[in-house]
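Have a look at the structure below before the remarks.
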Amino acid sequence: MAESPITLRAQDYATWYQDVVVQGDLAEPAEIVKGCMVIKANGYAVWELLQHELDTRFKATGHQNVYFPLLIPQGFLRREAEHVEGFSPELAVVTIAGGKELEEPYVIRPTSETIIGHFFSKWIQSWRDLPMLVNQWANVVRWELRTRLFLRTTEFLWQEGHTAHATHEEAFEEVLRMLGVYAEVAEDAMAMPVIRGMKTQAEKFAGALHSYSIEAMMQNGLALQAATSHDLGQNFGKAFDVRFQNHAGQLEYVWQTSWGASTRLIGGLVMTHSDDKGLVLPPKLAPLKAVVVPIYRKDQERGEVLEAAHRIAADVGARVDDREGQTAGAKFFYWERRGVPVVLELGPRDLASGSMVLKRRDTGTKHSVPQAEARRAVAAALEAIQSDLYRAAKQRLAANTVLANSMREAESILAEVTAERGGGKFVMAHLKDDPRCDARLKEFKATVRNIPLVDEYDGPGKCIVTGEPVDRRVVIAKAY
RNA sequence: CGGGGCGUAGCGCAGCCUGGUAGCGCACCUGCCUUGGGCGCAGGGGGUCGGGCGUUCAAAUCGCCCCGCCCCGACCA
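With our numbering, letter number 68 in the first sequence gets 984, and the count goes up by one each step, no holes.
Shown next, in the form of structure tokens:
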């Protein structure tokens, strides 16, 4: 028996993750371009399914897709003080183009609030132009020091929604609406439970009034910020002079929002469901839902088996793995590593009995099914896998969430946690939204993930740093 | 930027200390054989040993310089 190409989770979780991504043919490190990755066909197909889940919901909530330039005049970033401070360290800048030094360098967009603010100011004159609801699917570049496939790469793919509204109330509704869209895609399509909440002032988006996030728990207990939605207030409106005339004829600055989710979601998908054998994909995001692996010895068997395999595959919408020169066993491992939810085994014994063997990727269980019921059996299995994966993830989240009532307690729970070793928890504690409190957590490399919108615990309590009253517990964890 | 490690076939590595025909496993190609969880046998192709300079009759191996990558730290709305 060949040795598994995948490091065991218990041995080194971070290496396991990298192995699953590479062996599952999702992506590989670009190597020749520091910190970047090549998204391979299997990974890109997952991304396309995710895009579809998101995009249809964006459109259903009234947004239209647009596209803005990759390059942004450097001066644009400086117009919003917090924004430039937050992003400057991680900018890639173009200083030479067409063989000549540019008078004003361009930055490669790390996000597009600034350039979109510029155009909003051209497009918006009247209350009749509002709300302005646009979304962009794009690539962005952020020069991070530490990269990991999908979770944090120098260049990544994402969508960024940008909206402008006449009132703060309306903008705030939009912020929560889109956070809800993200949560729905995470939970329904990705089978990944999330906690909706507000970021602390220390952790918010550079230039926002408030940021909101959905936070998921990976198998090693680390948190992953899966998507964000920002209440930008009038900050960018003022920086880019985006004004409109209200019903009374007065000029007002617009209230803006922005919200984004990226290819990072694929990393979350991997670390929510996959196992020591490799990738596990929830059926709704599996590019291939089922594969038929034919098994035969003699030429005569081969013909009969392949014929039945193609008939069944057409019936259930599966692919037949009819590659020659590879044994059935090798094919089982191949599809297992790639996360295909259901594998149907079909050999001479099955032909004789008019059945087939259905194997679930998530549980590894096999059972025999009459060929006549193939379609129904596969559909039922896919449905069961989708809901079982969600249930298991939800259970893990609950099992690894703990309460803490002092800083010492929180620290002792999280101090030794790393991405490699695992053992992470979501520590629920009362903490004031004050950068000095965030700073105390940083001493042991933890952060406030968010302040949940819905309090599922014991309501008000005393901040474990300042002793001041706060109205609910926050999520403290180590994060990617 | 500080500390550590590594560059030898597509991938993973040995060889270097003690200079003397560039090797192993996987992958790949051909043929036969096999196929219910990574088949086997036989034959075969593939290398400026990261780059430059030096020492030497002779350098993957010794010396100097340079480049790149990885890990830990710092950094990561």
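All C-beta atoms in this analysis are idealised placements derived from N, C-alpha and C, irrespective of residue type, glycine included.
Beta-carbon to beta-carbon, ALA1008 and ILE1024 are separated by about 5 angstroms, close enough to satisfy the 8 angstroms threshold. Taking C-alpha positions only, LEU1197 is separated from GLY1176 by approximately 23 angstroms. Taking a cut-off of 8 angstroms for Cβ pairs, the stretch 941-956 and the stretch 1058-1068 touch, as three or more such pairs fall below it.
Closest in C-alpha terms to ALA1290, from the list GLY1113, GLN990, ALA1206, comes ALA1206. According to DSSP, residue pairing for TRP1251 in a beta bridge does not occur. If you draw a straight line from the Cα of LYS1282 to the Cα of ARG1064, it comes to about 35 angstroms.
Between the alpha carbons of ALA1164 and TRP1043 lies a distance of about 10 angstroms.
When the five nearest sequence neighbours on each side are left out, the beta carbons in the same chain lying within less than 7 angstroms of the beta carbon of GLU1090 are those of THR1079, HIS1081, THR1173, in order along the chain. No residue range can be given for THR1069, since it is assigned to no alpha helix (DSSP H) and is classified by DSSP as neither H nor E. Beta-carbon to beta-carbon, ASN1051 and PHE1072 are separated by about 17 angstroms, too far to satisfy the 8 angstroms threshold. Within the model, the alpha-carbon separation for PRO1199 versus MET1323 is close to 41 angstroms. Note that the C-beta distance between ASP1374 and VAL1364 is not below 7 angstroms. Annotation for GLY1033: PHE1152, ALA1155, PHE1156, VAL1158 place their beta carbon closer than 7 angstroms to its own, counting only its chain and skipping 5 residues before and after.
Excluding sequence positions up to five before and after ASN1136, its CB lies within less than 6 angstroms of the CB of TYR929, GLY1338, GLY1340, all in the same chain and listed in chain order. Secondary structure within the stretch 1075-1152: the alpha helix (DSSP H) runs of 4 or more consecutive residues, fully enclosed, are 1084-1100 (chain order). Partner residues in the beta bridge of ARG1276, as assigned by DSSP, are VAL1258. For a cut-off of 8 angstroms, the C-beta gap from ILE1329 to PRO1257 is around 35 angstroms, too long to register as a contact.
GLU1019 sits in a strand when the DSSP states are folded into three classes. Per DSSP, the beta bridge partners of LEU1167 are GLN1161. Under DSSP, LYS1282 takes part in a beta bridge, and its partners are LYS1275. Counting along the chain, ILE1392 sits inside the beta strand (DSSP E) bounded by residues 1389-1393. ASN1366 and ALA1224 have their alpha carbons spaced roughly 53 angstroms apart. Excluding sequence positions up to five before and after VAL938, its CB lies within less than 7 angstroms of the CB of GLU944, all in the same chain and listed in chain order. With a cutoff of 7 angstroms on beta-carbon distance, LEU1274 and VAL1208 are scored as not near each other. ARG1112 places its beta carbon 7 angstroms or farther from that of ALA1124. Check the Cα spacing between PRO1203 and each of LYS956, ASP935, ALA926, TYR933: the tightest is with LYS956. The criterion of a C-beta distance shorter than 7 angstroms is satisfied by LEU1313 and MET1133. For GLU1103, the CB contacts under 8 angstroms within the same chain, skipping 5 residues up- and downstream, are PRO1109, VAL1110, TYR1306 in chain order.
Going by DSSP, PRO1368 is part of the beta strand (DSSP E) stretching over 1363-1368.
When only Cα atoms are considered, GLY1245 and HIS1346 end up about 53 angstroms apart. As far as DSSP is concerned, PHE1156 takes part in no beta bridge. The Cβ neighbour count for ASP935, taken over all protein chains shown within 10 Å, is at least 16; the residue is labelled buried.
For the pair ILE1040 and PHE1160, the CB atoms are nearer than the 7 angstroms cut-off. Each residue's CA atom was taken as its position, placing ASP1266 and VAL1057 some 53 angstroms apart. By the C-beta density criterion, ASN981 is exposed, having fewer than 16 other C-beta atoms within 10 angstroms.
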